[in-house]
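Below is one structure, written out as structure tokens; comments come after it.
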Amino acid sequence: MLPPLALYIHFPWCIRKCPYCDFNSHGVGHAGFDEAGYLAALASDLEMSLPAIESREVRSVFIGGGTPSLLSGAGAGHMLQLIESKVALAPDCEITLEANPGAADLRRFAEYRAAGVNRLSIGIQSFNDTALRALGRVHDSSEARAAIVHARHAGFTNLNLDIIHTLPGQTVPDAVADLQTAIEFRPEHLSWYQLTIEPGTVFSRNPPILPDEDTGWEIQEAGRELLAAAGYENYEISAWAKAEDTHCVHNLNYWRFGDYLGIGAGAHSKLSNPLNGGIRREVRQASPAEYMRYSGTTAMLSSNYLVEGCAIDLEFMLNALRLREGFSSALFEERTGHALATIRDRIEQGQDLGLIEIQQECIRPTVKGQRYLNDLLQLFV
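Shown next, in the form of structure tokens:
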């Protein structure tokens with residue numbers, strides 16, 4: 465049986481690339497970009513990809529970036545109409561669009577909502593102007609607050625806020641204040657991430673001074689207590705939701721090792737092959753210009769390869785162990801095509817280290833395993 469299928473659409477432009485960002489994003493300032501050309505390329509990409517997904521139902525659509533909220537309302541509407549005409553969307557399909565407070569206004573949000581977007585994810589990152597400047601963000605705290613208000617006035621009832629912690633110069637009270645402000649807006653979902661310095665970023669070349677490890681742990685403990693007291697459930701390492709029906713369907717599909725078709729510059733795909741039990745992975749050209757030039761042809765792909773054998777098991781574990789619920793042996797066998805016995809020794813090693821627990825046939829990280837997730841994942845590398 466094939467796993468659930470999701471659709472990811474990458475929008476590669478932003479106003480200015482943040483110094484911590486390692487995503488495929490290209491700053492355009494206020495010079496603009498070729499929206500019509502890019503939408504045409506997406507249409508060609510989707511058309512060429514249809515045979516790979518046949519008539520499978522799509523459970524979620526995620527428009528990520530970059531800064532997708534640079535798209536006009538008409539452009540977003542055109543794109544979603546195209547998708548609806550070509551793809552079998554589930555009746556309750558979750559359709560998320562990422563927004564930057566520096567590229568947000570009520571009219572545009574209302575147009576996104578009218579076009580069919582039913583979940584908005586706003587990259588707040590912080591409500592502290594000093595922290596926002598340190599992160600190289602294009603918005604300030606007043607714009608962050610305004611974006612949330614605009615989202616509610618536009619009719620969004622499923623709202624995620626991204627907040628980053630352990631920022632340059634950040635204290636525990638600073639981090640708690642950021643999180644408390646976010647909670648006061650009562651979003652259905654909060655993504656609370658620790659700042660990490662990724663290779664190839666401006667921060668990797670010129671590292672900022674970050675809080676020491678002890679302060680980082682204090683921030684995490686204080687934040688977890690605050691979120692739990694506010695009624696949020698920590699269902700994944702960085703994901704907190706008010707209710708089960710506001711868990712991010714799209715991200716859960718990644719973490720449960722579902723399939724996804726990715727279209728757009730630099731987008732990745734994972735598609736199961738029912739004939740040989742392998743997994744096909746594809747990566748689109750990262751350059752927007754090259755992507756638009758080659759979209760709809762095989763030259764659009766910068767990488768196209770098959771994942772087989774124990775590599776599938778590793779990919780499954782790297783995703784599933786991020787979830788507090790963990791996974792069942794049945795899910796492992798269904799998604800990998802392999803018996804759990806192939807990794808039993810490493811699961812037992814994780815148990816011996818106090819990083820994994822098994823309850824009611826469910827294998828999941830302990831609290832210690834969540835805290836030392838990298839150590840846990842290394843057992844399966």
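Quick note on the numbering used here: the sequence shown kicks off at 465 and runs consecutively. C-beta atoms are modelled at their ideal positions from N, C-alpha and C, and glycine is treated no differently. In this text, all values refer to a predicted model and were calculated from it rather than measured experimentally.
Strand pairing of residue i, partner residues [DSSP]
i, result
"Pro829", "Ile820"
"Tyr657", "Ile628"
"Arg748", "Leu765"
"Ser736", "Ile743"
"Trp704", "Leu654 and Asn698"
"Arg520", "BP columns for Arg520 are empty, so no partner."
"Gly528", "His474"
"Thr560", "Phe526 and Arg583"
"Val602", "None, per the DSSP bridge assignment."
"Phe791", "Ile827"
When the options are compared against residue i, the one with the closest alpha-carbon
i, options, result
"Arg523", "Thr762, Asp678, Tyr755 and Gly722", "Gly722"
"Asp604", "Gly587, Gly619, Ala615 and Ala618", "Gly587"
"Phe844", "Leu584, Pro467, Ser536 and Gly814", "Gly814"
"Ala495", "Phe487, Ala507, Leu534 and His474", "Leu534"
"Asn740", "Val640, Ser733 and Ile776", "Ile776"
"Pro675", "Gly687, Gln658 and Val666", "Gln658"
"Ser668", "Glu548, Ala615 and Cys482", "Cys482"
"Glu697", "Gly664, Gly801 and Ser655", "Ser655"
Span separating the alpha-carbon of residue i from that of residue j
i, j, result
"Pro632", "Ile683", "13 Å"
"Cys478", "Thr531", "5 Å"
"Arg808", "Gln824", "16 Å"
"Leu735", "Asp638", "43 Å"
"Phe780", "Leu469", "16 Å"
"Val831", "Asp498", "47 Å"
"Gly493", "Leu819", "46 Å"
"Glu689", "Thr710", "20 Å"
"Met756", "Ala805", "45 Å"
"Tyr724", "Arg745", "10 Å"
"Arg601", "Phe591", "11 Å"
"Ser766", "Asn737", "20 Å"
"Gln749", "Met764", "6 Å"
"Ile627", "Val636", "14 Å"
"Ile661", "Pro671", "8 Å"
"Asp839", "Leu596", "31 Å"
"Asn622", "His614", "13 Å"
"His629", "Arg616", "25 Å"
"Ala563", "Met512", "28 Å"
"Lys550", "Ala516", "13 Å"
"Gly415", "Gly529", "Missing from the structure shown is residue 415; the chain here goes from 465 to 845 and no further."
Contacts around residue i, its chain only, beta-carbon distance under 7 Å, and the 5 residues preceding and following it disregarded
i, result
"Ala618", "Leu570, Phe573, Ala574 and Arg577"
"Gly742", "Leu770, Val771 and Glu772"
"Ala579", "Gly537, Ala540, Gly541 and Leu544"
"Cys407", "Any answer about residue 407 is impossible in this case: the structure gives the chain only from 465 up to 845."
"Asp593", "Asp604 and Ser605"
Sequence-distant residues of the same chain with beta carbon closer than 6 Å to residue i, five excluded per side
i, result
"Val581", "Ile559 and Leu561"
"Arg928", "With the chain represented from 465 up to 845, any question about residue 928 goes unanswered, as that position is not in the structure."
"His732", "Gly726 and Val747"
"Arg583", "Glu558, Thr560 and Asn622"
"Leu471", "Val522, Val525 and Leu725"
Nonlocal neighbours in the same chain, by C-beta distance under 8 Å from residue i, ignoring five residues either side
i, result
"Leu506", "Ile473, Met543, Leu546, Ile727, Gly728 and Ser759"
"Gly491", "Trp477, Cys478, Ile479, Arg480 and Lys481"
Should the segment 668-682 be called in touch with the segment 648-655, which here means at least 3 C-beta pairs below 8 Å? The segment 668-682 vs the segment 648-655: no contact.
Does the segment 509-523 come within contact of the segment 696-707, defined as at least 3 CB pairs closer than 8 Å? Short answer: they don't touch.
Okay, do the segment 539-550 and the segment 785-802 touch, 3+ Cβ pairs below 8 Å being the bar? In short, these stretches do not touch, since the Cβ pair count stays below three.
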